[in-house]
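K.L.:
Questions regarding the structure given below will be posed in turn.
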Amino acid sequence: MSSLRLGWRKTLNAVMLTLTGVAALAVVSVLLFIFGYLLYHGGKSLNWDFFTKLPKPVGETGGGMANAIVGSLKLLLLAALMGLPVGLMAGVYLAEFGGTTFAFVIRYTTDLLNGVPSIVIGIFAYSLAVLPVKHFSALAGGVALGIMVIPVTVRSTEEFLRAVPVNLREGAMALGASKWRTIATVVLPAASGGILTGMLLALARVAGETAPLLFTAFSNRFWSPGWGQPIASLPVMIYTYAIAPYDDWHRQAWAAGLVLLALVLVANLGCRLILNRRGAIRSV
Amino acid sequence: MSSAAYGDSATAAKLAPQVRMMDSPLAVSPKEAPVRFQISHLDFFYGSKQAVFDLSLPILANKITALIGPSGCGKSTVLRTLNRMNEMIRHSRFTGEILLDGQDIRRLEVAGLRRRVGMVFQRPNPFPKSIYDNVAYGLRINGYTGRLDNMVEHSLRRAALWDEVKDQLHKSALALSGGQQQRLCIARALAVDPEVLLLDEPCSALDPVTTAKIEELLFHLKDGCTIVIVTHNMQQAARASDFTAFMLDGKLIEHAETSRLFTTPSDPRTEAYITGRFG
Ligand SMILES: Nc1ncnc2c1ncn2[C@@H]1O[C@H](COP(=O)(O)OP(=O)(O)OP(=O)(O)O)[C@@H](O)[C@H]1O
Ligand SMILES: [Mg+2]
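Each protein sequence line maps, in turn, to chains A and B. Every position in the first sequence, counted from 1, becomes a number in this note's numbering once 166 is added. Every position in the second sequence, counted from 1, becomes a number in this note's numbering once 11 is added.
As structure tokens, then:
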């Protein structure tokens, strides 16, 4: 009787172990598959021209996406300038003064904002920054991405600030530091590795966003000087090129996909490196 | 020394009325030592929970006062009330009066109070900065404009840490051992030249050799500083302190010269505690 039950337990154990193991393997293989596929197709198509040349007119082969690479970087810069300071400061507020009902509402709203579909944020940025001036612009794209950067930055900043031990704060206050002084000189520096990582991850996430750019930054086949004109970006280029009926464009879409993924991976690995070297929280 | 920059507090201390131990319910010492802190009828509350009951205690200048008592009896609470550290805890409050050199601490500006009354915590809490920046922290935030280098060296020497770290001042303080970190925290507190140093079980995580070093250090600090130390270690209290206060359940049971308290305690509960029969 008891040996029967033991046998049953052992079988159940084995079955569960196999099931969960297979699921875990599936997760990894999806990533590896995407990566391999992209590497195969994109690597084949990637050449020097891709980084240095403008797109060729329809019908001609060759050319590159130099303008889209620069465009993506410019949009990310705008998103960083608009989203990160707000996110950082709101995160500080929640972590340091966060016991109130008001803070609870902010925290909840932030989580909601994080869940808003990116296309909806695109419409919002469209009505905010495109309709009034009646043309697409890099600025409008930056607004859309900047909004998307905020919730992730807020929550990660809050988490990392909360992880700073109370006794560090007490140490500073015991020396006569005010609350703000303590936050600025001890708490923020202690959490800086983590906060920076959170910011980079937030930027890496919006680097691949397409939907909110379609009707804000739009796209551009040429260089886009300044911030007030439509601007090309890698995700939108991938979208346009992938659905076009030209083989050469498909080739370039793959190359753009690979470059985008490489950008995000480098940012990701960079963060982890910073974090590990500083010995900060390891499980982000 | 650099006390020039802090001349204001030194003169303030001299000008303040020299409060004698008039309010103490317990006869302490016939010696006429000036009172630095006078705690009178202190009741302390965490929310609705009272942690200290009607406690009156004089802290004599340039003496080491040890606070002993079983865990949870309110030693840390009393200590943290002296530099108003408990204000960081929500819903905490106290009634009664605490005078520092005759001035009500609630009327003092809190940053100034904390600069005059330094604190070393039970667990070493160096900032994740360099050794140098740790020691210089208090000076910098207080707008000290003199030579930082000299002050840092002087403080590290006073804390008996200089020889061990003089070649690695710009290394992270987190790379130091626990005992070195604790001495660094003492150096950090000493750098602003406090009039009073509060220590909450500073040796609980340290080995006997380091503990002995810190006790020796306290003995030397006495000349320029009043010290209050919380300890669980009876031998330490007996060895290192001039006065001992024994607390139980938030109440002060006995306060006397250490030599007398440990040889002829007047309360049976004190005797039971110091002989290890409870607590
Ligand atoms: N932040 C707090 N909130 C509520 N109650 C507290 C808080 N801190 C301490 N207490 C309570 O106050 C009482 C005294 O605590 P305190 O820390 O002063 O004791 P202690 O004598 O220092 O003990 P130990 O020797 O263990 O450090 C205890 O009953 C404790 O539970
Ligand atoms: Mg304690």
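Glycine residues also receive a C-beta, built at the ideal position from the N, C-alpha and C atoms.
Identify the continuous beta strand (DSSP E) that holds Lys262 (chain B) and give its terminal residues.
P.N.:
It spans Lys262 to Glu268 - the beta strand (DSSP E) in which Lys262 (chain B) sits, taken as one unbroken run.
K.L.:
Under a Cβ-count criterion, where at least 16 other Cβ atoms within 10 Å of its own Cβ denotes burial, should Ala291 (chain A) be classed as buried or exposed?
P.N.:
Ala291 (chain A) comes out buried.
K.L.:
How would you list, in chain order, the residues of chain A whose beta-carbon sits under 7 Å from the beta-carbon of Asn153 (chain B)?
P.N.:
Ordered by position in chain A, the residues that pass the 7 Å Cβ test against Asn153 (chain B) are Gly342.
K.L.:
Counting only Cβ pairs nearer than 9 Å, list the residues of chain A close to Lys203 (chain B).
P.N.:
According to the sequence as given, residue 203 (chain B) is Val; it is not Lys. Under the 9 Å cutoff, chain A gives Leu341 and Gly342.
K.L.:
For the region 93-119 of chain B, list every residue whose C-beta sits within 8 Å of some C-beta in chain A, in sequence order.
P.N.:
Within the region 93-119 of chain B, the qualifying residues are Asn94, Met96, Met99 and Arg101.
K.L.:
Mapping DSSP to helix, strand and coil, what is Thr106 (chain B)?
P.N.:
Of the three classes helix, strand and coil, the one that applies to Thr106 (chain B) here is strand, per DSSP.
K.L.:
So which residues on chain A does Ala122 (chain B) lean against when the C-beta distance must stay under 7 Å?
P.N.:
What Ala122 (chain B) touches in chain A: Gly342 and Ser344.
K.L.:
Which first and last residues belong to the beta strand (DSSP E) in which Val299 (chain A) is found?
P.N.:
Careful: Val299 (chain A) lies outside any beta strand (DSSP E) and carries neither H nor E.
K.L.:
Using 8 Å as the cut-off, classify the Cβ of Ile200 (chain A) as near or not near the heavy atoms of ligand 3, replying yes or no.
P.N.:
Judged by which ligands are present, ligand 3 is missing from the structure shown, whose ligands are ligand 1 and ligand 2.
K.L.:
Output the residue ranges of the alpha helix (DSSP H) runs that lie fully inside the region 201-225 of chain A and measure 4 residues or longer, sorted by chain position.
P.N.:
The region 201-225 of chain A contains these whole alpha helix (DSSP H) runs: 214-218.
K.L.:
Which residue comes first and which comes last in the alpha helix (DSSP H) that contains Leu279 (chain A)?
P.N.:
It spans Thr267 to Gly281 - the alpha helix (DSSP H) in which Leu279 (chain A) sits, taken as one unbroken run.
K.L.:
Assign Val372 (chain A) to one of three DSSP states: helix, strand, or coil.
P.N.:
If DSSP states are grouped into helix, strand and coil, Val372 (chain A) belongs with the helices.
K.L.:
Can you tell which of A:Gly288, A:Ala306 and A:Lys300 has the C-alpha that lies nearest to the C-alpha of Met248 (chain A)?
P.N.:
Of the listed residues, the one whose Cα sits closest to Met248 (chain A) is A:Ala306.
K.L.:
Can you give, in chain order, each stretch of the beta strand (DSSP E) that sits fully within the region 211-257 of chain B and has at least 3 residues?
P.N.:
Entirely contained in the region 211-257 of chain B, the beta strand (DSSP E) runs reaching 3 residues are, in chain order, 237-241.
K.L.:
Check whether the Cβ of Tyr148 (chain B) lies closer than 9 Å to any Cβ atom in chain A.
P.N.:
So, interface residue.
K.L.:
How would you label Asp218 (chain B), buried or exposed, when you count the other beta carbons within 10 angstroms and need 16 or more for buried?
P.N.:
So Asp218 (chain B) ends up on the exposed side.
K.L.:
Confirm, please, whether the CB-CB distance from Val207 (chain B) to Thr237 (chain B) is below 9 Å.
P.N.:
Contact: yes.
K.L.:
Along the chain, where does the alpha helix (DSSP H) containing Gly257 (chain A) start, and where does it finish?
P.N.:
Where Gly257 (chain A) is concerned, the enclosing alpha helix (DSSP H) stretches over Ala232 to Phe263.
K.L.:
Going by DSSP, what residues sit across from Phe48 (chain B) in a beta bridge?
P.N.:
The partner list for Phe48 (chain B) (beta bridge, DSSP) reads B:Ile70 and B:Leu111.
K.L.:
Got a sec? Which residues, its chain only, sit under 8 Å from Pro396 (chain A) by beta carbon, not counting five neighbours each side?
P.N.:
So the list reads His301, Phe302, Ser303, Ala304, Ala383, Phe384, Ser385, Asn386 and Ser390, once near-sequence residues are dropped.
K.L.:
Going by beta carbon distance, what residues of the same chain come within less than 8 Å of Glu262 (chain A), once the five residues before and after it are set aside?
P.N.:
Hits under 8 Å: Leu327, Lys345, Ile349 and Val353.
K.L.:
Residues in its own chain within less than 7 Å of Ser211 (chain A) by CB, not counting five upstream and five downstream?
P.N.:
Only Arg417, Gln418, Trp420 and Ala421 meet the Cβ criterion.
K.L.:
List in chain order: all unbroken alpha helix (DSSP H) runs of 4+ residues lying wholly within the region 327-360 of chain A.
P.N.:
Listed in chain order, they are 332-339 and 345-348.
K.L.:
Taking only beta carbons into account, state which residues of the region 354-387 of chain A come closer than 8 Å to chain B, listed in chain order.
P.N.:
From the region 354-387 of chain A, only Pro355 and Ala356 have a Cβ closer than 8 Å to chain B.
K.L.:
Terminal residues of the continuous beta strand (DSSP E) containing Val128 (chain B)?
P.N.:
Val128 to Val131 is the extent of the beta strand (DSSP E) around Val128 (chain B).
K.L.:
Can we count Asp211 (chain B) as close to ligand 1, meaning its CB is less than 8 Å from some heavy atom?
P.N.:
Checking every heavy atom of ligand 1 against the Cβ of Asp211 (chain B), one is found closer than 8 Å.
K.L.:
Check distances from the C-beta atoms of the region 242-260 of chain B to those of chain A and list, in chain order, the residues that come in under 7 Å.
P.N.:
Flagged: no residues at all.
K.L.:
Quick one: is Pro331 (chain A) buried, meaning 16 or more other Cβ sit within 10 Å of its Cβ, or exposed?
P.N.:
Classification for Pro331 (chain A): exposed.
K.L.:
Give me the Cβ distance between Arg134 (chain B) and Asn213 (chain A), rounded to the nearest whole Å; I'm assuming they're in contact under 8 Å.
P.N.:
The pair is not a contact, with the Cβ atoms about 59 Å apart (cut-off 8 Å).
K.L.:
Flag Tyr155 (chain B) as yes when its Cβ comes closer than 8 Å to any non-hydrogen atom of ligand 1, and as no otherwise.
P.N.:
The answer is no for Tyr155 (chain B).
K.L.:
Looking at Gly360 (chain A) and Ala329 (chain A), is the spacing between their C-beta atoms short of 9 Å?
P.N.:
Yes, the pair counts as a contact, with Cβ atoms nearer than the cut-off.
K.L.:
9 Å is my cut-off, CB to CB: does Ala170 (chain B) come that close to chain A?
P.N.:
So no, Ala170 (chain B) is outside the interface.
K.L.:
Taking only beta-carbon positions, decide if Leu334 (chain A) is within less than 9 Å of chain B.
P.N.:
True, the Cβ-Cβ gap to chain B drops below 9 Å.
K.L.:
Can you list, in chain order, the residues of its chain with a C-beta nearer than 8 Å to that of Ala147 (chain B)? Leave out the 5 residues immediately preceding and following it.
P.N.:
Contacts found: Leu159, Met162, Val163 and Ala202.
K.L.:
Which ranges would you report for the beta strand (DSSP E) in the region 167-213 of chain B if only whole runs of at least 3 residues count?
P.N.:
Those beta strand (DSSP E) runs which fall completely within the region 167-213 of chain B and span 3+ residues are 207-211.
K.L.:
Would you say Val258 (chain A) reaches chain B, if we count a Cβ-Cβ gap shorter than 9 Å as a contact?
P.N.:
Output row for Val258 (chain A): interface = no.
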